[in-house]
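Chains as they are written, first to last, in the numbering used here: chain A, 101 to 317; chain B, 101 to 317. Ideal Cβ placement from N, Cα and C applies to all residues, glycine included. Here the structure comes first, spelled out in structure tokens, and everything after it is commentary.
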DNA sequence: ACCCACACCAAACGCCCGTTAGGTGACGCG
DNA sequence: CGCGTCACCTAACGGGCGTTTGGTGTGGGT
């Protein structure tokens with residue numbers, strides 16, 4: 101912006117500037133429609149109609165309907181990845197790490213309700229390669245939480261009788277299921293949800309932890 | 101199976117015996133296909149093919165594809181209802197009641213994996229009346245768990261600082277999400293899953309609850 | 001023997017699907 | 001002005017969809 105000596109920056113054909121807005125608009129609207137109605141119940145003409153164009157015109161910007169789905173699901177997976185895997189290096193005790201992981205996980209869901217919903221509902225309809233890619237990726241997320249529990253048991257911060265697989269399942273149930281009920285406009289932030297969930301999960305629901313003593317004052 | 105002492109029960113035209121096996125077969129295969137591929141990705145010709153017949157022949161037994169979906173979803177809802185609402189009267193303390201409810205809930209999911217999957221995935225595609233019916237029904241399930249938590253707080257068996265809505269959400273996350281990972285042939289029975297989940301939820305994941313030494317000895 | 005209900009088939013209906021092909025107007029550059 | 005590019009449109013393609021219609025063979029009842 102400050103240089104006045106150079107010529108206008110190649111206005112003829114931007115050589116490597118494929119970041120046009122229209123393609124992103126299509127992906128955004130597709131996320132919304134796929135999450136609201138489902139992949140197979142959304143037609144390309146529906147999608148085009150929401151963008152004020154005809155069905156066939158979409159193909160000037162995208163290659164196919166499958167490609168749209170793959171793009172949305174991959175994007176969601178990358179969001180989870182980016183949020184969670186920076187935690188691997190941290191040296192927090194396991195309970196804090198679980199709390200933080202739940203917070204980030206729920207935040208990704210909350211900030212990407214539409215693509216997260218598509219991710220959880222439509223991954224079965226991906227093309228075979230994308231399908232196995234997503235399946236393998238999910239296994240690494242499972243392993244992430246499982247390892248986190250194992251670490252906690254080893255360091256003594258988590259109960260030693262925990263089943264790591266089932267504990268990871270329980271944590272994942274809590275954070276994933278949020279896509280069915282969380283509403284971004286509501287009164288709870290993702291942090292609120294994560295804090296409440298982590299408090300309940302780590303501390304337990306029961307009132308008296310183990311008061312073996314007679315409770316006469 | 102019916103009765104062996106009475107004469108053959110009106111063999112000419114069973115006047116009100118619509119419980120033919122074929123209709124049930126169709127519903128069963130439809131449950132399987134809808135749960136595996138999704139409602140919109142399953143065609144009536146697919147369904148008929150699995151039963152060794154032509155697409156049009158289905159309509160001698162059923163009225164429409166929508167009716168099939170409604171039947172499957174309603175059946176699943178009735179299973180949950182029958183399992184949970186007999187608990188309303190019981191006078192157990194809340195932790196036992198939560199444990200038992202989770203057990204029954206997970207057992208319904210495990211014993212009806214296919215229709216439960218259809219229920220959780222395809223309820224958005226129901227006809228408007230069935231849609232609102234299912235939505236309202238889900239609210240009553242939410243309320244059931246919420247009331248259960250409120251009861252526990254009142255009677256002092258659950259932590260007084262619990263948010264009943266969020267606690268019910270957490271319990272429902274655990275038991276509902278089971279449809280995504282539970283496999284009936286595996287090593288865990290629904291009871292095993294429910295016991296582990298209830299232990300973790302009620303008792304908490306953390307090792308040392310809070311070594312009771314707030315006062316100086 | 002007749003009859004009729006039954007379970008199913010073969011073919012078609014109208015409609016919508018994802019996708020492609022060719023055309024049209026606007027715009028910026030030489 | 002001429003040219004190319006871009007975003008989009010109109011129209012169509014082949015095919016699959018849910019569903020309907022008019023048979024056809026079979027088997028038990030009278």
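Please check if any C-beta of chain B sits within less than 8 Å of the C-beta of residue i.
i: residue 305(A); result: yes
i: residue 277(A); result: yes
i: residue 257(A); result: yes
i: residue 260(A); result: yes
i: residue 300(A); result: yes
i: residue 263(A); result: yes
i: residue 212(A); result: no
i: residue 161(A); result: no
i: residue 236(A); result: no
i: residue 245(A); result: no
i: residue 297(A); result: yes
Nearest chain A C-beta to residue i closer than 8 Å, yes or no?
i: residue 215(B); result: no
i: residue 182(B); result: no
i: residue 130(B); result: no
i: residue 273(B); result: yes
i: residue 266(B); result: yes
i: residue 138(B); result: yes
i: residue 195(B); result: yes
i: residue 270(B); result: yes
Does the beta-carbon distance from residue i to residue j come in below 8 Å?
i: residue 260(B); j: residue 130(A); result: no
i: residue 224(B); j: residue 138(A); result: yes
i: residue 140(A); j: residue 168(A); result: no
i: residue 194(A); j: residue 124(A); result: no
i: residue 184(A); j: residue 204(A); result: yes
i: residue 304(B); j: residue 303(A); result: yes
i: residue 282(B); j: residue 234(B); result: no
i: residue 242(B); j: residue 201(B); result: no
i: residue 270(A); j: residue 297(B); result: yes
By DSSP's criteria, residue i is part of a beta bridge. Which residues make up the other side?
i: residue 258(B); result: 306(A)
When DSSP labels each residue in this structure, what does residue i get in the three-state scheme?
i: residue 140(A); result: coil
i: residue 193(B); result: coil
i: residue 241(B); result: helix
i: residue 247(A); result: helix
i: residue 264(A); result: helix
i: residue 163(B); result: coil
i: residue 282(A); result: coil
i: residue 152(B); result: coil
i: residue 236(B); result: helix
i: residue 288(B); result: coil
i: residue 269(B); result: helix
i: residue 199(B); result: helix
i: residue 299(B); result: helix
Report whether the distance from the Cβ of residue i to the nearest heavy atom of the ligand SAM is below 7 Å.
i: residue 184(B); result: For the structure depicted, the ligand SAM is absent and the ligand set is empty, with no information on it obtainable.
For the region 286-295 of chain B against the region 279-288 of chain A, are there 3 or more C-beta pairs whose distance is under 8 Å?
Contact fails: fewer than three Cβ-Cβ distances are below 8 Å.
Check whether the region 168-177 of chain A touches the region 226-237 of chain A, taking contact to mean three or more Cβ pairs, one atom from each stretch, closer than 8 Å.
Flag = yes, the region 168-177 of chain A and the region 226-237 of chain A touch.
Just checking, does the region 268-277 of chain A make contact with the region 177-197 of chain A on the three C-beta pairs under 8 Å criterion?
No, the region 268-277 of chain A is not in contact with the region 177-197 of chain A.
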